[in-house]
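Protein chains: 2
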Amino acid sequence: MFTIENALIATPDDYSSTKVLITDGRIAGISSQLDTVGTSINADNKLLLPGFVNAHTHSSEMWQRGIMSMFPLELWLAELYDFAPLDIEKVYLSALGTAVETLLSGGTTVVDHLVLIPGKELETIATAVRAYKEVGIRAFVAPLIQDESLAAGIPSGDTKQTHEPYFRSTQATLDIIEEAVKKFHCPEKGINIAVAPTGIQLCSDALFKGCAELSDKYDLCRHSHLLETKAQEKLAKEKYGCTAVEHLERIGYLDYRTSLAHCVHLTDKDIAILAHTKSTVVHNPLSNLRLGSGIAPILKYRQAGVNVSFGCDGASSNDSQDLLEAIKIGSIVHNVTDFDYQHWITPHQSVKMAALGGATGLNMADNNGSLDVGKKADLVLYDLTSLSLLPRTDPIGLLVLGRPVNVVDSAWVNGKQIVKSGNVTTIDVQDLRQELLKHSQWQKSRKSKTAAELEKHYRFVMGL
Amino acid sequence: MFTIENALIATPDDYSSTKVLITDGRIAGISSQLDTVGTSINADNKLLLPGFVNAHTHSSEMWQRGIMSMFPLELWLAELYDFAPLDIEKVYLSALGTAVETLLSGGTTVVDHLVLIPGKELETIATAVRAYKEVGIRAFVAPLIQDESLAAGIPSGDTKQTHEPYFRSTQATLDIIEEAVKKFHCPEKGINIAVAPTGIQLCSDALFKGCAELSDKYDLCRHSHLLETKAQEKLAKEKYGCTAVEHLERIGYLDYRTSLAHCVHLTDKDIAILAHTKSTVVHNPLSNLRLGSGIAPILKYRQAGVNVSFGCDGASSNDSQDLLEAIKIGSIVHNVTDFDYQHWITPHQSVKMAALGGATGLNMADNNGSLDVGKKADLVLYDLTSLSLLPRTDPIGLLVLGRPVNVVDSAWVNGKQIVKSGNVTTIDVQDLRQELLKHSQWQKSRKSKTAAELEKHYRFVMGL
Numbered sequence: 019m020f021t022i023e024n025a026l027i028a029t030p031d032d033y034s035s036t037k038v039l040i041t042d043g044r045i046a047g048i049s050s051q052l053d054t055v056g057t058s059i060n061a062d063n064k065l066l067l068p069g070f071v072n073a074h075t076h077s078s079e080m081w082q083r084g085i086m087s088m089f090p091l092e093l094w095l096a097e098l099y100d101f102a103p104l105d106i107e108k109v110y111l112s113a114l115g116t117a118v119e120t121l122l123s124g125g126t127t128v129v130d131h132l133v134l135i136p137g138k139e140l141e142t143i144a145t146a147v148r149a150y151k152e153v154g155i156r157a158f159v160a161p162l163i164q165d166e167s168l169a170a171g172i173p174s175g176d177t178k179q180t181h182e183p184y185f186r187s188t189q190a191t192l193d194i195i196e197e198a199v200k201k202f203h204c205p206e207k208g209i210n211i212a213v214a215p216t217g218i219q220l221c222s223d224a225l226f227k228g229c230a231e232l233s234d235k236y237d238l239c240r241h242s243h244l245l246e247t248k249a250q251e252k253l254a255k256e257k258y259g260c261t262a263v264e265h266l267e268r269i270g271y272l273d274y275r276t277s278l279a280h281c282v283h284l285t286d287k288d289i290a291i292l293a294h295t296k297s298t299v300v301h302n303p304l305s306n307l308r309l310g311s312g313i314a315p316i317l318k319y320r321q322a323g324v325n326v327s328f329g330c331d332g333a334s335s336n337d338s339q340d341l342l343e344a345i346k347i348g349s350i351v352h353n354v355t356d357f358d359y360q361h362w363i364t365p366h367q368s369v370k371m372a373a374l375g376g377a378t379g380l381n382m383a384d385n386n387g388s389l390d391v392g393k394k395a396d397l398v399l400y401d402l403t404s405l406s407l408l409p410r411t412d413p414i415g416l417l418v419l420g421r422p423v424n425v426v427d428s429a430w431v432n433g434k435q436i437v438k439s440g441n442v443t444t445i446d447v448q449d450l451r452q453e454l455l456k457h458s459q460w461q462k463s464r465k466s467k468t469a470a471e472l473e474k475h476y477r478f479v480m481g482l
Numbered sequence: 019m020f021t022i023e024n025a026l027i028a029t030p031d032d033y034s035s036t037k038v039l040i041t042d043g044r045i046a047g048i049s050s051q052l053d054t055v056g057t058s059i060n061a062d063n064k065l066l067l068p069g070f071v072n073a074h075t076h077s078s079e080m081w082q083r084g085i086m087s088m089f090p091l092e093l094w095l096a097e098l099y100d101f102a103p104l105d106i107e108k109v110y111l112s113a114l115g116t117a118v119e120t121l122l123s124g125g126t127t128v129v130d131h132l133v134l135i136p137g138k139e140l141e142t143i144a145t146a147v148r149a150y151k152e153v154g155i156r157a158f159v160a161p162l163i164q165d166e167s168l169a170a171g172i173p174s175g176d177t178k179q180t181h182e183p184y185f186r187s188t189q190a191t192l193d194i195i196e197e198a199v200k201k202f203h204c205p206e207k208g209i210n211i212a213v214a215p216t217g218i219q220l221c222s223d224a225l226f227k228g229c230a231e232l233s234d235k236y237d238l239c240r241h242s243h244l245l246e247t248k249a250q251e252k253l254a255k256e257k258y259g260c261t262a263v264e265h266l267e268r269i270g271y272l273d274y275r276t277s278l279a280h281c282v283h284l285t286d287k288d289i290a291i292l293a294h295t296k297s298t299v300v301h302n303p304l305s306n307l308r309l310g311s312g313i314a315p316i317l318k319y320r321q322a323g324v325n326v327s328f329g330c331d332g333a334s335s336n337d338s339q340d341l342l343e344a345i346k347i348g349s350i351v352h353n354v355t356d357f358d359y360q361h362w363i364t365p366h367q368s369v370k371m372a373a374l375g376g377a378t379g380l381n382m383a384d385n386n387g388s389l390d391v392g393k394k395a396d397l398v399l400y401d402l403t404s405l406s407l408l409p410r411t412d413p414i415g416l417l418v419l420g421r422p423v424n425v426v427d428s429a430w431v432n433g434k435q436i437v438k439s440g441n442v443t444t445i446d447v448q449d450l451r452q453e454l455l456k457h458s459q460w461q462k463s464r465k466s467k468t469a470a471e472l473e474k475h476y477r478f479v480m481g482l
């Protein structure tokens, strides 16, 4: 039980300083008239916001950030897998790193579309769960699954292509997920398992349907990549004879628990489908730029009433887990796609998308995503005396449109404080830095054999 | 005289650890075989790069960052000027702030397109010069001048518009600049005055020609905004019957000392003119997104051999002075404009644009912009053990594509150390924060009267 005192909070037309009382992990009162109960937390010159959601990432990509070639997704993926000698220790460290960077940029929830080590699938999941529990961040671990091989993800065009069968059957894959749910899914403790087929490019209908069944059986969130690239748009046409969204709706994958990463290449009809199925778009602006995927039509989604949240995407395609950066760029990048400034996203709308939009996409908006009495205390307190947030103007404008540095003073998840005075209190970040340093080497040039093999076909099919 | 030991530097195919000897403000040697001379600086786990150039900003905009409406440039400017009650003290503080944020994000040179307080023009310039001297950053103070009133900057379309005459004559304006040159221009001490008409939208030919004459007489750099918005493209057609670039070439404003901010709306012929006049494009990607100006065709400039550098632009349209952010976004944003990834900018190219490209645009490439023996010691040492740059991969890739936080360990300008162990050594940044806090207030809503007056005409002319 504690009281945050003198915190600046946004009111409809202004800001006010108030007290916020937290009991049993929830917001019990918000008013300057409250008595101080329990520990008093001094929030002078600090802004209180609901925690944001890093709604799409792949934690283990942290091991290759900074070094991936300037490639579009399909070739980039080939390079990523050529140099991904993952082990359990690395999975653990990069999950810690992802949690810490997310926390220190305003996120209190992370959705980890987790790459699994073949043969050690459950151990990989267990390791990520352990890391997130240790840090104390709210986590949705969404094991990345597929039942087709990498080359199947590139359109064939007029060529004849055959792909190696995937090494594991659809049912065996679904069994792993069900076991993970039984072992680790525990929403009340902040750890959730989500079903998360990679995307239409590498997954059969049977896999999507099996995931939807698990979702219904255990009330799990559904996640997937969707139409990130032009190649995928082309592939969907080849594979289904319709758009990927039309197909996913037909096979029953889309509902209010479904969040879809990227959504760059959708038709107006697709957008209407997302709206009426209450699916959520996870906007990953930085990876969409870095990989040249395109600018997702977020202004259209908002106009159509589709819920939108923000993700950093994996750190190899970004190459960071700074959620505030994703929110800034993901807000202003659309101003060049629609010349009418009356449609542009304001900083106050961005914050709502990052918090309540994120919670809605994870089917937890009843309990999270805003400063309302009764909601869970997933909260972040920002230090407004950081040079990067001065001089004083509109705190939320500074936070969203500026480049905040060292601004997260405190963070709580489920009412438990896990950042204090700018430092993570649950794990030793200096120690984490030492471990990341020890497990890595500086390097400059590398060549991906698989990317080189795929490149000629890719250029041909994409008309380059 | 000092020796930086064990610094990581980029070689053509890799990185190597080496010693760098600095004497008399210049790089005197680069080799692991050198003897240590003078003070020894330990650069273990640190990357050494030439300092970058923040090639376009307006320091006093810092006072309105975070609060400006989501407006296109023309309306945004109206709001900016409605709420700009500048005084000399504020000019001083925001120049300090701009210098510090630039330094702590890798910049050792700043180009301040400085807004002048009417009636206190020379005092404004003197104040900015004082601030930059105190911090020790290399500065190009480019007083922002015009000889037409704000409303002249919006195309008339089919309407009849008249504008108030500007309050000061062209010659009086040029006289101020010449006096500033005589008083403050001192390249060897790191302070330069540049001629800098606002842009074609608010300046007569006489002003441009007068500036070119001053540039020839005193060997000054020439600066200006150029074709930032569609409205300006339209206006140039109305005003000149040709493009702005064709007109500026005709009146003799373009040469190897000319740097032009934005350059979003240029024709292929315009690009060829920039190439053969050896003019420099200053890329301000963040303000171009925030104001919806567009994505400058930087890949085309590079292919045409036009020199390109990076700027943060004023902090009201960005809303930060983080140069590394401008470099990142200004590099990856083009990947969505050209689908062929072979044209995309690599991190190593970005660093060259930010350092050597910046120096070239300021006619100082002979002495700055790269790690070469004989060049001035404008250097930055990055701490590669920051969590944001771990795990270790390609240091330059991490720096450019990541979201570096607290990474500038040391910086030198002219061989003088002005950042040490992550802290600015020349001024008291805590004190600066206090002053910025003291001189400002949190606020949320405001309404610009002038923007409201201009809006109807703007929407009509721009077809909104």
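Residue numbers (our numbering), protein chains in the order written: chain A, 19 to 482; chain B, 19 to 482.
Ideal Cβ placement from N, Cα and C applies to all residues, glycine included.
Model, not experiment: these values are computed from the prediction.
Residue i at chain A interface by Cβ criterion, 8 Å
| i | result |
| --- | --- |
| Lys-462 of chain B | yes |
| Leu-67 of chain B | no |
| Met-19 of chain B | no |
| Leu-121 of chain B | no |
| Glu-343 of chain B | yes |
| Val-38 of chain B | no |
Range of the contiguous alpha helix (DSSP H) that encloses residue i
| i | result |
| --- | --- |
| Leu-416 of chain A | 413-419 |
| Lys-467 of chain B | 467-479 |
| Leu-95 of chain A | 91-100 |
| Val-369 of chain A | 365-370 |
| Lys-115 of chain A | It is worth fixing the name first, because residue 115 of chain A is Gly in this sequence and not Lys. Segment 106-121, the alpha helix (DSSP H) holding Gly-115 of chain A. |
| Ile-27 of chain B | It is not in any alpha helix (DSSP H) - Ile-27 of chain B instead sits in the beta strand (DSSP E) that spans 20-28. |
Best match in the options for proximity to residue i [C-alpha to C-alpha]
| i | options | result |
| --- | --- | --- |
| Thr-126 of chain B | B:Glu-107, B:Asp-105, B:Asp-193, B:Phe-158 | B:Phe-158 |
| Ala-170 of chain B | B:Gln-250, B:Val-442, B:Val-351 | B:Gln-250 |
| Asp-32 of chain B | A:Val-479, A:Arg-477, A:Pro-215, A:Gln-461 | A:Gln-461 |
| Asn-424 of chain A | A:Thr-36, A:Gly-56, A:Leu-121, A:His-352 | A:Leu-121 |
| Thr-285 of chain B | B:Asn-306, B:Lys-255, B:Trp-362, B:Leu-307 | B:Lys-255 |
| Ala-470 of chain B | B:Leu-98, B:Gln-164, B:His-301, B:Ser-349 | B:Leu-98 |
| Thr-54 of chain B | B:Lys-37, B:Thr-298, B:Asp-62, B:Gly-43 | B:Lys-37 |
| Leu-104 of chain A | A:His-76, A:Val-118, A:Leu-266, A:Leu-399 | A:His-76 |
Test item: CB-CB of residue i and residue j under 8 Å
| i | j | result |
| --- | --- | --- |
| Leu-26 of chain A | Leu-91 of chain A | no |
| Ile-59 of chain B | Phe-20 of chain B | yes |
| Ala-395 of chain A | Trp-362 of chain A | no |
| Tyr-110 of chain B | Arg-156 of chain B | no |
| Arg-268 of chain A | Asn-381 of chain A | no |
| Gly-310 of chain A | Glu-79 of chain A | no |
| Asn-72 of chain A | Val-153 of chain A | no |
| Ser-297 of chain B | Leu-272 of chain B | yes |
Residue-chain proximity (residue i, chain B), Cβ-Cβ < 8 Å
| i | result |
| --- | --- |
| Met-371 of chain A | no |
| Asp-32 of chain A | yes |
| His-457 of chain A | yes |
| Val-447 of chain A | yes |
| Tyr-124 of chain A | Before going further, note that residue 124 of chain A is Gly rather than Tyr in the sequence given. Not an interface residue. |
| Val-479 of chain A | no |
Residue range of the unbroken beta strand (DSSP E) whose run includes residue i
| i | result |
| --- | --- |
| Ile-316 of chain B | From DSSP, Ile-316 of chain B is part of no beta strand (DSSP E) but of the alpha helix (DSSP H) over 316-322. |
Subject >> Near-chain B residues of the stretch 345-379 of chain A - C-beta to any C-beta below 7 Å >> reply: Ile-347, Ile-350, Val-351, Asn-353, Val-354, Phe-357, Asp-358, Tyr-359, Trp-362, Thr-364
Original post:
Relative to chain B, which residues along the stretch 82-97 of chain A have a C-beta separation below 7 Å, given in chain order?
Top reply: Residues Gln-82, Arg-83, Gly-84, Ile-85, Met-88, Phe-89, Pro-90.
**OP:** Check distances from the C-beta atoms of the stretch 394-414 of chain A to those of chain B and list, in chain order, the residues that come in under 9 Å.
**Re:** Here the close residues are Leu-402, Thr-403, Ser-404, Leu-405, Ser-406, Leu-407, Leu-408, Pro-409, Arg-410, Thr-411, Asp-412, Pro-413, Ile-414.
Subject >> Residues from the stretch 415-444 of chain A in contact with chain B, defined by Cβ distance under 9 Å >> reply: The residues in question are Gly-415, Leu-416, Leu-417, Val-418, Leu-419, Gly-420, Arg-421, Pro-422, Val-423, Asn-424.
Original post:
When Cβ atoms are compared, which residues of the stretch 313-340 of chain B fall closer than 7 Å to chain A?
Top reply: Ile-313, Asp-337, Ser-338, Asp-340
**OP:** For the stretch 186-220 of chain B, enumerate the residues whose C-beta is nearer than 9 Å to any C-beta of chain A, in chain order.
**Re:** none
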